[in-house]
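Everything on this sheet refers to the single structure shown next.
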């Protein structure tokens, strides 16, 4: 049986074979330390941080010129534009290329967002966000590309690109919208740009719901990227005018159905007010009334049976009351429950102060009873959908937690303007924020009780998960670290203040846990200077760092316990075992009330006891904590642990994982001096030690191994790798690989299903052991069949052994160089690259060398 996996994220952020984009090869985000020093000389003490694809400046406030205390939307925008224009060369931002997207005011605190256009064409995910307090700039976030230089005239028409897009998905596909835009592509740390069409399709409801967005090159018709606008959530929740407060076993309670549409004579729309009262004058005789669970902000549909409705013909003047308890025939009144809770959260998100999100002022389609066997809920930014009751879960529309969670996804989509928060931690951040607003609204830390029968207690956000050591267990588990930090902060600050701070930070659009903490301090600041603290910095830093070790330098001196932090190496870094060893850099310091008394740095190999590396009793700020000699250590996964202690015996530990590895080139499937170099099915077919084991698995030169679940020719596997030399280099009549030769790598894969993802990776310098992706895609239109993926590139200008890896995986991204899921397959080939003839006389015997291991 083919494995059933709900891999909606399998389609997200997929970059395809060719990365030959047009544009500068210079890093666009060129605002650097020298620029920061010049900026600080001009404006005072500011801090520069990087947040995925953007830079953030926060620090001492900068007064905006020409503003009075009665600043309005127009004057704020103009003053900010003047500031950007004045500092354009320094900030690397061209003010003329900025389009205003929003100007939001909350208690005289302004949030202004611009998006970049080039020759009038939108640049994808490029923005500038400025926060102003008391008419002073306190925060600037920029992902502006300052080096775009491309022709903006497309070679193919919008009509033609629609036809091309439909060919990929078949006759059932329906194009909803197309838009011409400029799409940045990152390769080897540099930015390139392509003119593309963004093609948005209608939702497809098959085994799982999908809403495709294609990015197609407007000149050569190549697919640059595919996104899926739908995002899955954890299995959680309860829903009900009548409604249930939180979960299914609670009693039904009647409430006012506010914002509901009442259609009169199928022509006039009247709406109920906050008390559920509707009124329409100017009528006579008999009128027909049509009631549905539909209103200004939500339209409830039932995907299993006809949705609830009620009609009545009545003479006027008259009074007619409707109670949905009599007319909602859905399972346990799930439609009414949905209507009530969507309206409740919509109104809360527009209740004032920072909670003034007009991004949700549209009619959200809310679908209940999706199925028949699916157990979950999802949002695509415009609609939310919930599964029906099954043998594994109750109706998810009966959980207000899950309704709030999915509706918050719609809010995040509206704020960020893209289908998913980008960056490695973006998806987990998205889930965490949705979880947080759900439990905050219900005022208890338990999320989605009585929904999933295997976990009736739900998920507890009052947890002790730590960053970053507890990352790596999926977006929902990773998100629990961050939602736990928000909940702990709320415990001290209260719902109103904490929710408003979180709402203000959302306008700043952070992409990582640590940047969110920084932005929360910016939101809390009251004098434009983070260096002297903020009104609630102790509570914020305690919730984030003391409880979950999410750290910012600004939190030093504002925590209940001591500081222990590792800045380098990074969590999950791969460390090549060599004579240079490993420098451990970070911070150890005291707490708010007590100085540092002692610290130690240790390592731990799997489940072995901790081993001391160094210790001391002096504060160290962003300095060298220890040096670890790794040369004689075994390969594998290590924890690096920094523990600090204060004079009053408060203790804190910060943990990361690193992987130590050696390269063993003899473990590749094949080593070749000549071309073509072929790792045939005899060498690499199948994977791991499944029912048909791969010969000499895993056939990789490092610690990367294969998944050992499933069966051969049911799930994915790499079946053949061929490396051709397109320059056809030879030496003494023998084919060879020279430095810089143009090669074509073709991997043959068995595709188990359409969502299987494929990567070709390359290591040109085994001394540094750094991988780079040369191609990444998925099984286009192919499942239970073979598929070929090719990549053409030049070998690095370095003599020695070069490694090429083929990956067939389930979850990959632009940083994937080893498939790590239970069905993934990884296989390597090694080619020997030379720079010049090896001498004269008899030719050297060149051959492909298969490892001498008995079969």
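Residue numbers (my numbering): 263 to 1117. All C-beta atoms in this analysis are idealised placements derived from N, C-alpha and C, irrespective of residue type, glycine included.
Taking just the CA atoms, how far does residue 350 sit from residue 343? 10 Å
Are the CB atoms of residue 834 and residue 934 within a distance shorter than 8 Å? no
Status (buried if at least 16 other CB within 10 Å, exposed otherwise) for residue 266: With a pLDDT of 28 at residue 266, under the threshold of 50, the modelled position of that residue is not reliable, and the figure given next carries that caveat. Residue 266 comes out exposed.
Buried or exposed by the 16-neighbour rule on C-beta atoms within 10 Å, applied to residue 823: buried
Quick check: the Cα distance between residue 547 and residue 628, rounded to an integer number of angstroms? 35 Å
Assuming residue 709 contacts residue 697 under a Cβ cut-off of 8 Å, what Cβ separation, rounded to an integer in Å, is found between them? 6 Å
Looking at the structure shown, is residue 1015 part of a helix, part of a strand, or coil, going by DSSP? coil
DSSP beta-bridge partners of residue 1025: 1065
Compute the Euclidean distance between the alpha carbons of residue 1076 and residue 1035, then round it to the nearest angstrom. 7 Å
Range covered by the beta strand (DSSP E) that runs through residue 1038: 1034-1040
Boundaries of the beta strand (DSSP E) in which residue 686 is found, first to last residue: Premise fails: residue 686 is in no beta strand (DSSP E) and is neither H nor E.
Would you identify the three-state DSSP class for residue 1080, choosing helix, strand or coil? coil
Whole-angstrom C-beta distance between residue 618 and residue 368, which should lie under 8 Å: 6 Å
Under a Cβ-count criterion, where at least 16 other Cβ atoms within 10 Å of its own Cβ denotes burial, should residue 539 be classed as buried or exposed? exposed
Going by beta-carbon coordinates alone, are residue 1007 and residue 988 separated by less than 8 Å? no
Only counting the same chain, and skipping five residues up and downstream in sequence, which positions put a Cβ closer than 8 Å to that of residue 1097? 1000, 1001 and 1061
Just tell me which of 335, 426, 845 and 308 has its CA closest to the CA of residue 323. 308
Alpha helix (DSSP H) containing residue 648: first to last residue? Taken as a continuous stretch (DSSP letters only), residue 648 belongs to no alpha helix (DSSP H), being part of the beta strand (DSSP E) at 645-649.
Is residue 1097 helix, strand or coil by DSSP? coil
Helix, strand or coil: how does DSSP classify residue 997 here? strand
My assumption, with CB atoms under 8 Å, is that residue 1023 sits in contact with residue 1012. Please give the rounded CB distance. With 8 Å as the limit, residue 1023 and residue 1012 do not qualify as a contact, their Cβ atoms being about 19 Å apart.
Put residue 596 into one of helix, strand or coil per three-state DSSP. helix
Which term fits residue 751, buried or exposed, when burial requires 16 or more other beta carbons within 10 angstroms of its beta carbon? buried
In three-state DSSP terms, what is residue 308? strand
Residue 875 (DSSP reduced to helix, strand or coil): strand
So, at 8 Å on beta carbons, what are the nonlocal neighbours of residue 559 in its own chain, with the 5 sequence-adjacent residues on each side left out? 521, 604, 605, 608, 622, 623, 624, 625 and 626
Residue 747 and residue 767: beta carbons closer than 8 Å? no
Taking buried to mean at least 16 other C-beta atoms within 10 Å of its own C-beta, is residue 498 buried or exposed? Caution is warranted here: a pLDDT of 25 is assigned to residue 498, below 50, making its placement in the model unreliable, and no coordinate value can be reported.
Where residue 998 falls, given that 16 or more other Cβ within 10 Å makes a residue buried: buried
Just reading off the alpha helix (DSSP H) that residue 338 is part of, what are its end residues? 335-348
Proximity below 8 Å, CB of residue 847 to CB of residue 829: yes
Go through its chain and collect everything with a Cβ distance to residue 288's Cβ below 6 Å, but skip five positions before and after it. Note that residue 288 has pLDDT 41, beneath the 50 cutoff, so the model's placement of it is unreliable and no number is given.
For residue 649 versus residue 593, is the C-beta distance shorter than 8 Å? no
With DSSP as the reference, label residue 1043 as helix, strand or coil. coil
Could you tell me which of 442, 462, 1044 and 306 sits nearest to residue 435, measuring between CA atoms? 462
Simplified DSSP assignment, three categories, for residue 371: strand
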